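Numbering (this note's numbering), first residue to last: 31 to 319.
Using N, Cα and C, we set each Cβ at its ideal position, and we do this for glycine too.
A quick note: this is a predicted structure, and the numbers were derived from the prediction, not measured.
Below: one structure, written as structure tokens.
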Ligand SMILES: [Zn+2]
């Protein structure tokens, strides 16, 4: 009898630790999805509740249910976000629209939201660039999440209020031909322009252990050997620091000093972000007041 009781107790504590593990697993997934997409964690909880209610046991059915809820919430977000002061940037390019987010994945993860003011700034920049250099697409990268000020779009700690947006650089191939809508890195980030030894390098020799400044040396050889299309780069930055400032209240633009020097930019809206923030020689960070 005592032996029987022991067995029951063992079985109980086994199923208890199993449910604790399952709870931790769900919390980790909710956290991960929330940090990655903002609404993904909520979609997961809704899907979990429905699958409990309907006693859905198969993994692929549960996964499909999550996807269904997530896609539905993502569409609804596009409609609801403007009420909370955020609009989405376009996910696909067209002849009429010369502004596009680098990849539909940015949209699928809800990383393409900005304040209406930043939205107008992005469209106006794209229009200006296409007017000055016909056939030019302007590519936006990470923007902000659709809801809540103060909720950062990781790994960008400051992209938390709708007022920040990153743009991809304009590139040309080794022969000097402009590459429209093309970036060196498939996601637009991490293909760094390497400074020459004689260039200004304010972070050289520092060894910060807590830093967002990653060099990612191992992946650099994977990116194609495209060059910066300097004319378009200069024109875009010039427009941002003139019309961008007067019409859309551009506050600052982050660029590494070696690029600022190379492009001959002297406007003081263009700044160095500091050594603890991410490198800014792979993309252009713009923020408005
Ligand atoms: Zn940024």
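Going by beta carbons, residue 183 and residue 132 fall outside the 8 angstroms limit.
Residue 319 sits in coil when the DSSP states are folded into three classes, being neither helix nor strand. Taking residue 127 as the centre and dropping the five residues before and after it, the same chain places the C-beta of 120 closer than 7 angstroms to its C-beta, in chain order. Proximity annotation: ligand 1 has residues 186, 189, 194, 196 and 315 in chain order, each selected because its CB is closer than 6 angstroms to a heavy atom of the ligand. Take residue 198, set aside five residues on each side of it, and the residues of its chain with a beta-carbon closer than 7 angstroms to its own are 132, 169, 171, 213, 218 and 313, in chain order. In the same chain as residue 156, and ignoring 5 residues on each side of it, the C-beta atoms closer than 6 angstroms to its own belong to 128, 129 and 168, in chain order. Going by DSSP, residue 191 is part of no alpha helix (DSSP H) at all; its letter is neither H nor E. Around the beta carbon of residue 45, fewer than 16 other beta carbons lie within 10 angstroms, which makes this residue exposed. With fewer than 16 neighbouring CB atoms inside 10 Å of its own CB, residue 48 falls in the exposed class. Taking the Cα positions, residue 137 is about 11 angstroms away from residue 174. By the Cβ neighbour-count rule, residue 83 is exposed, with fewer than 16 other Cβ atoms within 10 Å of its own. Residue 64 sits in a helix when the DSSP states are folded into three classes.
Spanning the alpha carbons of residue 247 and residue 256 requires a straight line of approximately 17 angstroms.
The closest CA to that of residue 266, considering only 112, 252, 145 and 293, is found on 293. Residue pairing by DSSP places residue 198 opposite 313 in a beta bridge. If you ignore the 5 residues before and after residue 191, its C-beta comes within less than 6 angstroms of the C-beta of 179, all in its own chain and listed in chain order.
The alpha-carbon of residue 54 is positioned some 22 angstroms away from that of residue 99.
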